[in-house]
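*Asks:* Those protein sequence lines, which keep their order, are chains A and B. Just so you know, we're using UniProt numbering here: the first sequence kicks off at 1 and counts up by one. Just so you know, we're using UniProt numbering here: the second sequence kicks off at 1 and counts up by one. Could you have a look at this structure, given as structure tokens, before my questions?
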Amino acid sequence: MTSPLDLAGRVVELVRQVAGPGAEAEVGTEYAELALTRFANSFIHQNIAEAATTVRLRLHLDGRTATGSSTVVSGEGVRDLVERTVAAVRHCPPDPGWPGLTAPTTIDGSGNWDEATAAAGPEQRAERVREFVETAGGLEAAGYCRTGQRAGAFANTAGHSVTGRSTEAAMDGIARCGGADGMARLGSFRLADLAGGILGARAAVKARAGVAPVELPPGRYEVVLEPTAVADLLQNLSTHGFNGKAYNEQRSFAVPGTEQFDRSVTLVDDALAGPALPFDAEGTGRAPVALVEHGITRTVAHDRRTAAEAGTTSTGHAVPGGAVTGAVPLHLGLAPAGSPNGVTRPGEVSGPVVDADSAALVAQVRRGLLVTDLWYTRVLDPRSLVVTGLTRNGVWLIEDGEVAAAVQNFRFTQSYPQALAPGAVLGIGRHPVLQSQTFSSAWWSALPLRLASWNFTGGASG
Amino acid sequence: MAEFDVATAAVQAALDAGARYADARVMHRRYESMSARNGEIESLIQDESAGIGVRALVGSGWGFYAVPDLSESAARAAGERAARIAAASGRVAGPGSSLLPVPASTGSWSSPCAVDPLSVPLSEKGDLLARATGTSREHGADQAEGLYQIWDTRKWFVSSEGHRIDQHIRESGAGISATVIGDGETQRRSYPSCRGQYGSQGWELVDSLDLTAHAARIAEEARELVTAPLCPAGETTLILGSEQMALQIHESVGHAIELDRILGWEAAFAGTSWLDLDQLGALRYGSELMNVTIDPTIPGALGSFGFDDEGTPAAKRDAVREGRWVGTLAGRDSAAIAGLDYAGSVRSDGWARLPMVRMTNVGLEPGPHTLDEIIAATDDGVLMDLNRSWSIDDKRLNFQFGCEIGWEVKNGRRGRMLRNPTYTGIGPQFWRSMDMLSSETVAWGTPNCGKGQPGQIGHTGHPAAPARFTNVRVGVRG
Chain A
1 MTSPLDLAGR VVELVRQVAG PGAEAEVGTE YAELALTRFA NSFIHQNIAE AATTVRLRLH
61 LDGRTATGSS TVVSGEGVRD LVERTVAAVR HCPPDPGWPG LTAPTTIDGS GNWDEATAAA
121 GPEQRAERVR EFVETAGGLE AAGYCRTGQR AGAFANTAGH SVTGRSTEAA MDGIARCGGA
181 DGMARLGSFR LADLAGGILG ARAAVKARAG VAPVELPPGR YEVVLEPTAV ADLLQNLSTH
241 GFNGKAYNEQ RSFAVPGTEQ FDRSVTLVDD ALAGPALPFD AEGTGRAPVA LVEHGITRTV
301 AHDRRTAAEA GTTSTGHAVP GGAVTGAVPL HLGLAPAGSP NGVTRPGEVS GPVVDADSAA
361 LVAQVRRGLL VTDLWYTRVL DPRSLVVTGL TRNGVWLIED GEVAAAVQNF RFTQSYPQAL
421 APGAVLGIGR HPVLQSQTFS SAWWSALPLR LASWNFTGGA SG
Chain B
1 MAEFDVATAA VQAALDAGAR YADARVMHRR YESMSARNGE IESLIQDESA GIGVRALVGS
61 GWGFYAVPDL SESAARAAGE RAARIAAASG RVAGPGSSLL PVPASTGSWS SPCAVDPLSV
121 PLSEKGDLLA RATGTSREHG ADQAEGLYQI WDTRKWFVSS EGHRIDQHIR ESGAGISATV
181 IGDGETQRRS YPSCRGQYGS QGWELVDSLD LTAHAARIAE EARELVTAPL CPAGETTLIL
241 GSEQMALQIH ESVGHAIELD RILGWEAAFA GTSWLDLDQL GALRYGSELM NVTIDPTIPG
301 ALGSFGFDDE GTPAAKRDAV REGRWVGTLA GRDSAAIAGL DYAGSVRSDG WARLPMVRMT
361 NVGLEPGPHT LDEIIAATDD GVLMDLNRSW SIDDKRLNFQ FGCEIGWEVK NGRRGRMLRN
421 PTYTGIGPQF WRSMDMLSSE TVAWGTPNCG KGQPGQIGHT GHPAAPARFT NVRVGVRG
């Protein structure tokens, strides 16, 4: 099999042949093997795998730009891609915002890789599912276990080329008890980090603690958001707030240099810490980028185009299709409060609070709500980042530092930046939990958060 | 090697490896999209994808494997791999899987297409978007955006039961939007809908939209919205335009009647449904004005096809009749478990994805009124249209939707414009309150329906008309 780097080089050479020496081209190639074993009603009901190589070509010729991609990587298929893109670019209007190509540079690292994860088959995933189902203790269980490997390369006509590879694994499941769902979710670049038995037990204990929920009136409540819920905050802040294109178009709340968040909030995008290739779609090397430091917004994520528009440099956040979607920090993490005490995993506790990190925050609450997960969140207005959504997989009333009762799900309508505004963050956990989106290149490093106020605008009855 | 032969080789390999059923789809797709902003082309994307996906049933376990290689050897390897994965599923096995018995279909089908969308010159397409967004910009939009998308998909399906089907589906659509940056918020107006209008048609659909003719209006309305009064908060009579009705149908009916959700197969992610199969045929879903059909045979609608991705021929079916829930969106495996005698709603978004229960065209049959009659019959209420945000719970009950624009309705007349209109409710309560329904139906196309793990993007259609609902909570905000 042709290596991704050889394939990228072959496409660059073809571009030179077809479009001439004046063409500027960047080529990204990726070979990915992705597999996912889904279970529901406590058995495996969907079990899939795929292996594919994808070539992406962005071509700038005579002041015009066009993009194409293909999974047909035979000699004929690649030539067709190049010829099609060259033909297309001649019909495009001038592109005065073309930012030029990434100059030849070296990059840090080659990606996080684990041989055992790369070699994992359906049997290994099924074994973790079996453990999850067994430790759910007879409760109905549903979820997935997935593994994947990517080998990618980038080359451009400026002579820049980079390569890297990474593995990934994730498990996400629920246990169901009397109408209540409890969940557990974890990601890593190593399958060995995922213990189906521990996750199944966590989901089960939360489900059992969620039965017979009471309905509370909507309103503003102090909350402890578990890492699974906090991941949703990170995702929406990333997509709509720290997106360089949204910022340039004044659709983002972000104002660099301004104290927009509580002083305890530091947000760092760090692709190198998780399962990701060490370069972006423009071949720019990835490195940790502090978007917020101690409450002060420092920057937003940029690719070469948005950076040029903003008068700055790329932060290594180009994504395929970025001309439309913008530059997005897809590996955003909330920095822990203090050092993590040398402990890599919070200790297990019993009841609905399944980790010591969250338990410490719950203990500080006089009256509030413990929220496990947020669901179907949608932005009402991107500039204020007011989001509506629902709680899911467990809500509990906290009274005097103790979980007092299970609560029915709420609808909320809340500005995310306001929820994290100066003075609004009352506590942050110490042990980041890595979480993924299915088959997506986005990973969030989340911690539990104690927030002064969350605006619940509807209950189970409407 | 011909596509049918490739698929046949994969199916035979899966059977040889122990499968008791197997099917394979060879798919080839070309995708083209262009976006423009403020009178300039922003992006042109042309993608090509081709491959084979093989589904195998070993014992009671399913397996699926996909590769982009259409050689005979790769197809045979994919079939064997699908069977190996299916065997591994047996390690955490459930009750025996079976498939609803159906005749093995053979045939060909093509969607209607008067103007091949990929043959229209890029310069012509670009001029259209540039002209429309330029006009919006000139009339006050801070950000004027336009987008068209084209999918040209050919697929060849073979099963171990004797299915042998090929289809050619061409889909096109486009839309424009105008955004005005206000003080701390943005306002947006779109045409013809928030995502554009899409159908299983050629470029003639885009031509019919006449984007440029609406470009100035949406910009002016977006600017007017910035200073318009907020939608009042409270309970009132709500009139929805047909575009927002399409989304209401999609989210609170279409997903709720998906049989895989009802059976719990999506419990951990997309969610379940508030519907219980024991209530099928008896449950009152909405008012007697509510007649919802599942109809993949509508010519040119986005959810139309000749056969679904299990080879079941397209057929029209009732989902809700005179307010009573009577039908589901089903596949052969889910139907067999549920004891239903129909399938036909299984699709995948590409060769690399497992076919799953998806909406086709799920729409509301026309009512007896017109929008003007509905407004004239309303003393006090709010009219809203064009979706801006959507959120619904995992049982498809508790929803909150935001629209781009609202208007006061007072004493039978449409009054002043309202900004940030939102409404919320519980599905069956809401549908039971529908007391007027227009006959002015549009088959809206939704090209971005997400479902499944790994995620799949479905193309669905939703015939919808303006309707009126009583005692609805509006004006929810953060």
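From the three backbone atoms N, C-alpha and C, an ideal C-beta is built for every residue, glycine too.
Please compile the residues from chain B whose C-beta is within a distance smaller than 7 angstroms of the C-beta of A:Glu309.
*Replies:* The count along the first sequence starts at 1 and reaches residue 309 of chain A at position 309. Residues of chain B passing the Cβ test: none, with the nearest at roughly 12 angstroms.
*Asks:* Taking 7 angstroms as the CB-CB limit, is B:Ser49 close to chain A?
*Replies:* To locate residue 49 of chain B, count along the second sequence from 1; it is residue 49. Closer than 7 angstroms: yes.
*Asks:* Just to confirm my understanding: we take A:Asn156, look at its own chain, exclude 5 residues before and 5 after, and list those with CB closer than 8 angstroms. What are they?
*Replies:* Along the first sequence, one-based indexing puts residue 156 of chain A at 156. If we look at A:Asn156 and ignore the five residues flanking it on each side, its Cβ neighbours are Val12, Glu24, Ala25, Glu26, Val27, Leu101, Thr102, Gly283.
*Asks:* Could you name the residues of chain B that A:Arg150 contacts, counting a contact when the two beta carbons are closer than 8 angstroms?
*Replies:* Reading the first sequence from its first residue, position 150 is the one you call residue 150 of chain A. The contacting residues do not exist; A:Arg150 stays about 14 angstroms from chain B at best.
*Asks:* If the cut is a Cβ gap below 7 angstroms, which residues of chain B does A:Ile107 touch?
*Replies:* As a first step, residue 107 of chain A must be located in the first sequence, where it is residue number 107. Chain B residues near A:Ile107: none, gap ~26 angstroms exceeds 7 angstroms.
*Asks:* Kindly indicate which three-state DSSP category B:Pro463 falls into: helix, strand or coil?
*Replies:* Taking the second sequence and counting its residues from 1, the one referred to as residue 463 of chain B is at position 463. It is a strand residue.
*Asks:* Please state the DSSP three-state secondary structure of B:Arg477.
*Replies:* In the second sequence, counting from the first residue as 1, residue 477 of chain B sits at position 477. Three-state result, B:Arg477: coil.
*Asks:* Got a sec, what are the start and stop residues for the alpha helix (DSSP H) A:Val230 sits in?
*Replies:* What you label residue 230 of chain A is simply residue 230 of the first sequence in a count that begins at 1. Per DSSP, A:Val230 belongs to the alpha helix (DSSP H) from 227 to 236.
*Asks:* Quick one: grab the DSSP three-state call for A:Met1.
*Replies:* Here residue 1 of chain A refers to the residue found at position 1 of the first sequence. Looking at A:Met1 - three-state DSSP - the assignment turns out to be coil, as it is neither helix nor strand.
*Asks:* What are the start and end residues of the alpha helix (DSSP H) that includes B:Trp431?
*Replies:* Sequence index remark: in the second sequence, residue 431 of chain B carries index 431 (1-based). Per DSSP, B:Trp431 belongs to the alpha helix (DSSP H) from 427 to 432.
*Asks:* Could you work out which residue in A:Ala424, A:Met1, A:Gly326 is closest to A:Ser74 when comparing CA atoms only?
*Replies:* Counting from one through the first sequence, the residue named residue 74 of chain A turns up at place 74. Here the closest residue by C-alpha is A:Met1.
*Asks:* Can you tell me the Cα-Cα spacing of B:Asp295 and B:Gly339, whole angstroms?
*Replies:* Looking up residue 295 of chain B in the second sequence gives position 295. Looking up residue 339 of chain B in the second sequence gives position 339. Those two C-alpha atoms are separated by around 21 angstroms.
*Asks:* Alpha carbons only, please: which of B:Gln46, B:Ser35, B:Arg55, B:Asp276 is nearest the one belonging to B:Leu15?
*Replies:* Locating residue 15 of chain B in the second sequence gives position 15, where the first residue counts as 1. The candidate whose alpha carbon is nearest that of B:Leu15 is B:Arg55.
*Asks:* Going straight from the alpha carbon of B:Pro421 to that of B:Ala222, what length do you get?
*Replies:* Taking the second sequence and counting its residues from 1, one reaches residue 421 of chain B at position 421. Taking the second sequence and counting its residues from 1, one reaches residue 222 of chain B at position 222. If I take the Cα positions, the gap works out to 14 angstroms.
*Asks:* Might you give, ordered along the chain, the residues of its own chain that have their beta carbon closer than 6 angstroms to the beta carbon of A:Gly322, omitting 5 neighbours on each side?
*Replies:* For this step, residue 322 of chain A is matched to residue 322 along the first sequence. Result list for A:Gly322: Asp303, in chain order.
*Asks:* So, is the C-beta of B:Gln143 closer than 7 angstroms to a C-beta in chain A?
*Replies:* By one-based count along the second sequence, residue 143 of chain B stands at place 143. Yes, B:Gln143 counts as interfacial toward chain A.
*Asks:* Show which residues of chain B have a CB atom less than 7 angstroms away from the CB atom of A:Trp443.
*Replies:* For this step, residue 443 of chain A is matched to residue 443 along the first sequence. What A:Trp443 touches in chain B: nothing, since even the nearest Cβ is about 15 angstroms away.
*Asks:* Rounded to whole angstroms, what is the Cα-Cα separation between B:Leu225 and B:Asn387?
*Replies:* Here residue 225 of chain B refers to the residue found at position 225 of the second sequence. Here residue 387 of chain B refers to the residue found at position 387 of the second sequence. Rounded to whole angstroms, B:Leu225 to B:Asn387 spans 15 angstroms at the Cα level.
*Asks:* What do you get for B:Leu230, buried or exposed, if any count of 16 or more other CB atoms within 10 angstroms of its CB means buried?
*Replies:* Reading the second sequence from its first residue, position 230 is the one you call residue 230 of chain B. Burial call: exposed.
*Asks:* Any beta-carbon of chain B closer than 7 angstroms to the one on A:Ile296?
*Replies:* The residue labelled residue 296 of chain A in the question sits at position 296 within the first sequence. No, its Cβ sits nowhere closer than 7 angstroms to a Cβ of chain B.
*Asks:* Under a three-way DSSP split, which group does A:Val319 fall into?
*Replies:* Against the first sequence, residue 319 of chain A aligns to sequence position 319. Three-state DSSP puts A:Val319 in coil, outside helix and strand.
*Asks:* Along chain A, which residues have their Cβ under 7 angstroms away from the Cβ of B:Glu40?
*Replies:* Against the second sequence, residue 40 of chain B aligns to sequence position 40. Chain A residues near B:Glu40: Pro93.
*Asks:* In terms of alpha-carbon separation, which member of A:Leu390, A:Ala337, A:Asp280, A:Ala281 lies closest to A:Gln408?
*Replies:* What you label residue 408 of chain A is simply residue 408 of the first sequence in a count that begins at 1. That would be A:Leu390, whose Cα lies nearest to the Cα of A:Gln408.
*Asks:* Looking at the structure shown, is A:Asp262 part of a helix, part of a strand, or coil, going by DSSP?
*Replies:* Numbered from its first residue, the first sequence carries residue 262 of chain A at position 262. It is coil, neither helix nor strand.
*Asks:* If you compare alpha carbons, which of A:Trp443, A:Leu374, A:Gly326, A:Arg383 is closest to A:Lys245?
*Replies:* One-based indexing of the first sequence puts residue 245 of chain A at position 245. The shortest C-alpha separation from A:Lys245 is found at A:Gly326.
*Asks:* Measuring alpha carbon to alpha carbon, tell me which residue in A:Gly295, A:Ile398, A:Asn248, A:Val162 is nearest A:Gly311.
*Replies:* Indexing the first sequence from 1 puts residue 311 of chain A at position 311. With distances taken between Cα atoms, A:Gly311 lies closest to A:Asn248.
*Asks:* Looking at the C-beta of A:Val343, does it have a partner C-beta in chain B at a distance below 7 angstroms?
*Replies:* Here residue 343 of chain A corresponds to residue number 343 of the first sequence, with the count starting at 1. Summary for A:Val343: the model assigns pLDDT 40, below 50, so the residue's position carries little reliability; its value from the coordinates is reported in the next sentence. No, A:Val343 lies away from the interface with chain B (no Cβ there is under 7 angstroms from its Cβ).
*Asks:* In angstroms, rounded to a whole number, what distance separates the CA positions of B:Ala219 and A:Ala276?
*Replies:* Residue mapping note: residue 219 of chain B aligns to position 219 of the second sequence, counting from 1. Residue mapping note: residue 276 of chain A aligns to position 276 of the first sequence, counting from 1. When rounded, the distance between both Cα atoms is 41 angstroms.
*Asks:* What number of angstroms, rounded off, separates the C-alpha of B:Leu397 from the C-alpha of B:Arg195?
*Replies:* Taking the second sequence and counting its residues from 1, one reaches residue 397 of chain B at position 397. Taking the second sequence and counting its residues from 1, one reaches residue 195 of chain B at position 195. Near 24 angstroms, if we compare the C-alpha coordinates of B:Arg195 and B:Leu397.
*Asks:* Over what stretch of residues does the alpha helix (DSSP H) that includes B:Asp260 continue unbroken?
*Replies:* Here residue 260 of chain B corresponds to residue number 260 of the second sequence, with the count starting at 1. Note, B:Asp260: alpha helix (DSSP H), 259 to 262.
*Asks:* Taking all protein chains shown into account, decide if B:Lys410 is buried (16 or more other Cβ within 10 angstroms of its Cβ) or exposed.
*Replies:* Along the second sequence, one-based indexing puts residue 410 of chain B at 410. With fewer than 16 Cβ atoms within 10 Å of its Cβ, B:Lys410 is classed as exposed.
*Asks:* If we cut at 7 angstroms on Cβ distances, does A:Thr284 have a partner in chain B?
*Replies:* As a working note, residue 284 of chain A is residue 284 in the first sequence. It does not: the Cβ of A:Thr284 has no partner Cβ on chain B nearer than 7 angstroms.
*Asks:* Of all the residues that make up the stretch 419 to 451 of chain B, which are near chain A by a beta-carbon distance shorter than 8 angstroms?
*Replies:* Correct list: Asn420, Thr422, Thr424, Gly425, Ile426, Gln429.
*Asks:* To the nearest angstrom, report how far apart B:Ser242 and A:Pro256 are at their CA atoms.
*Replies:* What you label residue 242 of chain B is simply residue 242 of the second sequence in a count that begins at 1. What you label residue 256 of chain A is simply residue 256 of the first sequence in a count that begins at 1. Cα to Cα, B:Ser242 sits roughly 42 angstroms from A:Pro256.
*Asks:* Compute the Euclidean distance between the alpha carbons of B:Pro101 and B:Ala464, then round it to the nearest angstrom.
*Replies:* In the second sequence, the residue the question calls residue 101 of chain B occupies position 101. In the second sequence, the residue the question calls residue 464 of chain B occupies position 464. Cα-Cα distance, rounded: 33 angstroms.
*Asks:* Which of the three DSSP states, helix, strand or coil, is assigned to B:Glu171?
*Replies:* Working through the second sequence from its first residue, we reach residue 171 of chain B at position 171. DSSP places B:Glu171 in strand when its eight states are reduced to three.
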